[in-house]
Structures are given as structure tokens and as C-alpha cells.
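Okay, structure first, notes after.
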Amino acid sequence: MAPSVLASCLWVLAASGTAMLPMRRQMVPGLLLLATAPVLMVWMAAQVGWWAGALAFLAFLSMFRRPFGALLRWARGRTA
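The opening residue of the sequence shown carries number 160 in my numbering; numbering runs sequentially from there.
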């Protein structure tokens with residue numbers, strides 16, 4: 160197994176563990192996961208292939224759909 164795939168599997172386990180934390184304790188680990196995800200996706204695409212990076216990107220978007228939606232609403236100036 161490629162090291163990037165193993166690291167990505169560990170990232171998914173860390174993200175699942177973070178999701179089980181109370182909301183007030185999710186901020187720091189969630190930001191760390193958010194920051195490391197692009198590095199892992201590029202690494203995986205370089206080692207395995209572009210299709211693996213694309214699948215990882217889609218999985219990442221699926222996991223962070225609500226935070227990204229809130230960020231888009233905030234950027235547009237809508238609070239509701």
C-alpha cells in the first residue's frame with residue numbers, strides 16, 4: 160500500500176474521531192484536518208494517480224460540506 164493511501168486512511172479515522180467530539184472541541188482538530196487535506200490529496204495524486212486524488216477531493220468535499228456552506232454564506236454576508 161502506498162504511504163499516501165495509508166496516511167489518508169489515518170486522516171479519515173482522525174476526522175471520524177473529531178466528528179464525535181462536542182462541537183466546542185472540534186475547532187482545533189478540524190482546522191488541522193482541513194489544512195492537511197490538500198497536502199494528502201496532492202501526495203496521493205502524485206503517488207497513485209490523478210483519479211485517486213480526484214476521489215479523495217470528492218470525499219473531502221462530502222465530509223466538509225456544511226462548513227464550506229457556512230463559509231460561503233458568511234463570505235456573501237448572509238447569516239441565515
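C-beta: ideal position from N, C-alpha, C; glycine also. Only a predicted model underlies this, so the values are computations on that prediction, with no experimental measurement involved.
With residue i and residue j assumed to form a contact (beta carbons below 8 Å), what rounded beta-carbon distance in angstroms separates them?
i    : j    : result
W170 : L199 : 6 Å
S167 : A215 : 6 Å
A234 : Q206 : About 33 Å separates the two Cβ atoms, so there is no contact after all.
Report the option in the options whose CA atom is closest to the CA atom of residue i.
i    : options          : result
P188 : P197, A173, V201 : A173
A178 : L231, P226, F216 : P226
M222 : M182, L192, V164 : L192
Give a yes or no on whether the C-beta atoms belonging to residue i and residue j are separated by under 9 Å.
i    : j    : result
A194 : M203 : no
Worksheet item: Counting only runs that start and end within the stretch 167–214, where is the beta strand (DSSP E) found for 3 or more residues in a row?
Response: none
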